[in-house]
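Let me begin by presenting the structure, written as structure tokens, before commenting on it.
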Amino acid sequence: MRRLSFWIGAAAFALAAATPFWLSSGPARAETPKDTLVIAKQIDDIITLDPAEVFEFTGGEVIANVYDRVFTFEAEDTATLVPGVAESYTVSDDGKTLTIKIRPGQKFHSGNPVTAEDVAFSLQRVIILDKTPAFIFSQLGWTKDNVKDLVKATDESTVTLTITEDFGPSFVLNTLSAGVGSVVDKKTVLEHEKDGDLGYEWMKANSAGSGPFVLKSWKANESVTLEANPDYRHGAPKVKRVVLRHVPEASAQRLQLEKGDIDIARNLTADQIQGISGNPDIKVEPFPKADLYYLGLNQKNEALSKPQVRQAIRLLVDYQGMADTFLKGRFQVHQSFWPAGFYASLTDTPYKLDIDKAKALLAEAGYPDGFSVKLDSSNVTPYTDIAQSVQETFGKAGIKVEIVPGEQKQVITKYRARNHEIVLLYWSPDYMDPHSNADSFARNPDNSDEAKSKPLAWRNAWDIPEITKETDAAARERDPDKRKGMYLDLQKKLQEDGPFVIMFQSTELVARRGNVSGFVSGPTYDTVYYRLVEKS
Amino acid sequence: MASGATSDTAGPRAGPTRPAGRGGWSLRAAGLLGSVLLTFFGLLAITFVIGRVVPIDPVLAIVGDRALPAVYARVRQELALDEPLYVQFWIYLSKVLQGDFGTSVITSRPVLEDILRFFPATIELATLATIIGVAVGVPMGVIGATQHGRWPDHLIRVVGLIGYSVPIFWLGLVGLLLFYAKLDWVGGPGRLDVYYEDIVEPVTRLLLIDAALAGEWDVFANAFSHILLPASILGYFSLAYISRMTRSFMLEQLRQEYVTTARAKGLSEARVVWRHALGNVMVPLVTVIALSYASLLEGAVLTETVFAWPGLGRYITDSLFNVDMNAVLGGTIMVGSVFIGLNLLSDMLYRILDPRAR
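Quick mapping for you: the protein sequence lines, in order, are chains A and B.
Per the numbering used here, the first sequence runs over residues 2 to 537.
Per the numbering used here, the second sequence runs over residues 186 to 543.
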């Protein structure tokens with residue numbers, strides 16, 4: 002009897018404990034609405050959605066769908082630069098002034114017409130606010146003091162842009178296709194101006210564009226919601242709503258995709274892609290990207306400053322081995338500083354793993370038994386895997402690599418202070434002109450420790466007055482064929498002797514439900530388009 | 186600080202404050218206030234220094250890697266990073282005293298607003314987890330003690346041990362695979378399905394309560410199906426701790442003479458165990474539960490990551506990796522308040538539950 006009453010007491014507690022499970026609603030609805038595209042992605046990199054400031058991956062992607070740019074790459078062809086808000090342009094004889102005609106009949110989300118004044122205001126605003134991506138325009142010679150004179154609306158539909166620096170017109174058009182080339186609705190922005198901030202505070206989390214989608218909400222670390230703009234100049238997008246949901250864990254993204262709770266998963270690892278390849282409801286689509294993964298060799302390090310050592314190191318990376326195994330499908334071997342698939346890229350891959358030759362070169366440099374070196378690397382895949390492979394193959398020639406793993410920002414902080422020995426990082430162009438990469442890999446106007454600008458060449462203490470001049474000359478060249486030759490030549494020089502071991506160009510693998518089509522991810526982070534997406 | 190999801194972080198705790206003599210009330214209140222302020226000051230000072238010795242450049246988080254030198258220099262100056270550390274700390278403190286917690290870099294919003302948005306998600310999760318932990322953990326501990334050395338005791342200890350030692354990250358993923366992907370019993374990562382988003386107006390920002398207030402029972406059911414799994418998993422962890430503590434408290438009580446007396450008087454076993462013994466255990470147990478609740482309230486980073494839960498733990502961790510010190514310090518104040526508040530609350534409960542303390 003005693004025992005019985007004891008167990009009744011216990012059972013009462015257990016029943017109370019189990020109550021929540023009875024209340025459970027049962028199966029959740031395992032599909033997304035027909036007119037809504039749901040994308041799972043790590044979106045915690047967004048810090049602003051103001052096109053004058055956005056310089057992060059997800060932010061760039063969002064504004065590419067909310068704003069139209071002066072010149073642009075369209076979803077239908079992400080490799081060809083075409084007029085966007087602009088309709089046509091002419092170049093003055095001296096090549097310094099561009100006269101741009103605005104496409105008639107365009108409307109902002111607010112209903113206001115898109116005018117030349119809006120275009121001029123948008124470009125001036127970038128320079129006046131002077132946030133990170135402002136350098137894309139300031140290199141043209143625009144400053145806070147002169148930009149209102151150099152960028153002007155001359156009538157309702159005409160804008161003139163004058164540059165004071167020496168660049169060819171194709172270069173200027175490329176800069177106008179960057180995120181900072183987004184056209185904002187002057188009237189709406191100024192309605193929200195506070196203390197002369199040109200709407201800066203408001204624009205961080207609101208939008209005033211004319212692109213295919215309207216920003217509905219950005220909940221930091223949670224979601225971004227976009228709604229279709231029925232008046233878009235190419236017609237209304239096929240889906241009414243796009244939701245980007247922050248799902249930090251890749252395995253969770255995979256489960257949600259398999260269940261149909263999301264339409265597209267953006268951050269699956271190579272393993273997970275392999276795992277879902279047999280699922281008939283899911284398709285995996287590769288999109289080539291312009292990102293490069295490379296080793297930076299600090300020239301302040303005595304061993305690394307020897308040309309034979311740099312040469313040996315190039316022969317100690319198992320490029321193909323990595324691309325065929327743990328990087329399969331996600332990375333292609335690429336060994337020059339401008340990515341393949343674009344104007345003026347050098348696609349030769351002269352280096353492959355050759356331990357004997359590397360040993361001979363090391364001996365020649367005075368290191369027959371190798372040396373010890375530290376490798377700074379981000380502590381996430383694929384960096385960790387690449388670092389381990391490099392450690393192993395370097396070891397075969399006697400170079401003892403100590404991997405120093407860290408948070409990405411920690412690695413970059415050290416790199417910017419030139420305190421690394423070897424660093425493993427990636428680089429992606431800011432706009433699709435070879436100068437974007439040459440400016441950092443092959444240009445170092447001041448190699449002193451006090452230098453203000455810190456291009457990649459400076460970070461690796463690579464003092465190159467001659468190559469810097471060649472890079473400047475290539476940017477100035479107006480004949481496209483001649484210019485192309487100059488960039489090919491620069492890439493070859495860096496490939497032979499630079500302090501960079503460029504290894505891979507990446508591919509984004511996007512996993513989607515079989516009924517979803519039309520998602521486009523272009524070469525850069527801000528050429529991702531939702532407007533062609535359809536769900537059947 | 187926000188270091189993970191184990192309920193094991195509850196450390197030893199100072200005994201409850203003894204009632205002071207007559208007329209000591211105002212003195213005690215002043216003493217309490219003083220120690221609370223000192224605790225906050227210490228917390229902030231230490232967190233501030235940690236933030237500054239992290240080998241990450243805070244300017245990078247704001248301007249990125251490619252800003253022009255002038256932009257970089259301007260932001261560095263705005264952050265007052267060129268000032269000595271104590272000046273920077275003083276600037277921060279004086280702003281906080283005026284109620285200005287600054288703006289977060291990673292969300293571009295005032296820190297206070299962020300916390301008011303992220304903390305309710307954490308409260309909701311931690312509360313449900315603690316309810317589960319208590320409802321299951323306490324009876325488990327009692328049964329373990331009364332069945333001491335027999336198979337139910339061994340079983341309960343094994344269940345507790347697993348809760349203690351299995352990585353929560355793994356358990357979360359396995360839980361998702363089984364209950365969400367395979368069995369379809371619960372909702373997936375996130376707080377709601379896309380269908381149900383933005384239906385309920387946020388009032389308390391506790392989704393379950395907001396949905397119930399609005400009478401949107403569909404939303405309530407959906408939110409419940411999403412919270413159930415992460416809450417159960419966190420609940421399992423606090424259960425492991427609570428059941429073990431209950432068991433050892435109960436073992437001690439059951440050896441007491443009054444228990445023998447009660448049994449000799451012919452009281453039913455249930456009355457002896459559940460009323461007399463458990464009643465006496467309640468006092469220290471409340472402290473254990475409060476601390477386990479507090480450790481869940483500081484946010485369970487790993488669980489929040491697996492379940493895409495927009496809670497405080499992930500907010501503080503992300504902020505720390507970006508050296509977003511306004512957000513980190515704001516979060517620290519929040520977590521500190523929770524600990525101090527719960528400590529005071531458990532002191533108060535102590536007085537109610539233990540007649541000798543009145």
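In this text, a Cβ means the ideal position worked out from N, Cα and C, and glycines have one as well.
Bear in mind that the values here come from a model prediction, so they are computed numbers and not experimental data.
In angstroms with no decimal places, state the Cα-to-Cα distance between residue i and residue j.
i: N299(A); j: R460(A); result: 7 Å
i: R376(B); j: A408(B); result: 6 Å
i: A187(B); j: G496(B); result: For A187(B), the pLDDT reaches just 37, beneath the cut-off of 50, and the residue's location in the model is therefore unreliable, although a value from the coordinates is still provided. Roughly 11 Å separates the two Cα atoms.
i: T163(A); j: L362(B); result: 59 Å
i: A263(A); j: R456(B); result: Reading off the sequence shown, one finds Ile at residue 263(A), where the question assumed Ala. Computed Cα separation, rounded: 53 Å.
i: T59(A); j: D319(A); result: 32 Å
i: G27(A); j: D403(B); result: Reliability fails at G27(A), whose pLDDT of 45 lies under 50, so the model's placement of it is uncertain and the value that follows must be treated cautiously. Rounded to the nearest angstrom, the two C-alpha atoms are 12 Å apart.
i: R104(A); j: V402(A); result: 57 Å
i: N445(A); j: K470(A); result: 9 Å
i: A406(B); j: R251(B); result: 47 Å
i: R479(A); j: T98(A); result: 14 Å
i: Y535(B); j: A416(B); result: 27 Å
i: N207(A); j: L216(A); result: 7 Å
i: F492(B); j: V248(A); result: 8 Å
i: V260(B); j: R294(B); result: 17 Å
i: L141(A); j: K132(A); result: 16 Å
i: S192(B); j: F338(A); result: For S192(B), the predicted structure reports a pLDDT of 35, less than 50, and the residue's modelled location is therefore unreliable. The matter cannot be settled from this model.
i: E422(A); j: E223(A); result: 38 Å
i: Q273(A); j: I503(A); result: 27 Å
i: T528(A); j: E62(A); result: 7 Å
i: P231(A); j: G112(A); result: 11 Å
i: L510(A); j: D46(A); result: 19 Å
Which residue marks the beginning of the alpha helix (DSSP H) containing residue i, and which one marks its end?
i: V244(A); result: Premise fails: V244(A) lies in the beta strand (DSSP E), R242 to H247, not in any alpha helix (DSSP H).
i: F58(A); result: F58 to V67
i: L376(A); result: Per DSSP, L376(A) belongs to no alpha helix (DSSP H); it is in the beta strand (DSSP E), S373 to S379.
i: L282(B); result: L270 to L282
i: F303(B); result: V296 to T331
i: V491(B); result: V486 to V491
i: W210(B); result: W210 to V238
i: F168(A); result: It is not in any alpha helix (DSSP H) - F168(A) carries neither H nor E in the DSSP assignment.
i: E194(A); result: From DSSP, E194(A) is part of no alpha helix (DSSP H); its letter is neither H nor E.
State the start and end residues of the unbroken beta strand (DSSP E) segment that holds residue i.
i: A41(A); result: T37 to K42
i: S218(A); result: F214 to K220
i: W428(A); result: I423 to W428
i: K470(A); result: Unbroken run through K470(A) is the alpha helix (DSSP H), P466 to R477; no beta strand (DSSP E).
i: Y294(A); result: I283 to L298
i: M504(A); result: F501 to R514
i: S224(A); result: S224 to A229
i: K102(A); result: T98 to I103
i: Q336(A); result: Run containing Q336(A): none; DSSP gives neither H nor E here.
Give me the chain C residues within the contact set of residue i, using Cβ-Cβ distance strictly less than 8 Å, ordered along the chain.
i: G249(B); result: No chain C is part of this structure, whose protein chains are labelled A and B.
In the DSSP output, what is residue i paired with across the bridge?
i: F72(A); result: P84(A)
i: K153(A); result: T161(A)
i: G407(A); result: S379(A)
i: S504(B); result: Answer is none; S504(B) lacks a bridge partner.
i: V521(A); result: Y530(A)
i: V402(A); result: V374(A)
Under 8 Å from any heavy atom of the ligand HEM, does the C-beta of residue i make it?
i: I129(A); result: Ligands in the displayed structure: none, and consequently the ligand HEM is not present.
- Item | Residues in the region 252-265 of chain A having any Cβ partner in chain B nearer than 7 Å | S252, A253, L256, Q257, E259, K260 and D262
- Item | Under 8 Å (Cβ pairs) to chain B, residues found in the region 193-212 of chain A | K205 and A206
- Task: List in chain order: all unbroken alpha helix (DSSP H) runs of 4+ residues lying wholly within the region 400-480 of chain B.
- Result: 402-439 and 442-449
- Message: To be precise: take each residue of the region 433-452 of chain B, compare its Cβ to all Cβ atoms of chain A, and keep it if any distance is under 7 Å. Which residues remain?
- Response: none
- Message: What are the residues in the region 213-226 of chain A lying within 7 Å of chain B by C-beta distance?
- Response: A221, N222 and E223
- Message: Can you pull out the residues from the region 256-268 of chain B whose beta carbon lies closer than 7 Å to at least one beta carbon of chain A?
- Response: V256
- Query: Of the residues that make up the region 347-374 of chain B, which ones have a beta carbon closer than 8 Å to any beta carbon in chain A?
  - Reply: L358, L361, L362, Y365, A366, D369, W370, V371, G372, G373 and P374
- Task: Taking only beta carbons into account, state which residues of the region 236-248 of chain A come closer than 7 Å to chain B, listed in chain order.
- Result: V244, R246, H247 and V248
- Query: Listed from N- to C-terminal order along the chain, which residues in the region 494-506 of chain B have their beta-carbon within a distance smaller than 8 Å of any beta-carbon of chain A?
  - Reply: P495, R499, Y500, D503 and F506
- Task: With 7 Å as the limit, tell me which residues of the region 383-400 of chain B have their beta carbon closer than that to any beta carbon of chain A; keep them in chain order.
- Result: none
- Closer than 9 Å, Cβ to Cβ, to anything on chain B: give me those residues from the region 436-449 of chain A, in chain order. S441
- Using a Cβ-Cβ cut-off of less than 7 Å, list which residues of the region 453-471 of chain A approach chain B; keep chain order. K453 and S454
- Residues of the region 276-294 of chain B whose Cβ lies closer than 9 Å to any Cβ of chain A, in chain order: S289, V290, I291, T292, S293 and R294
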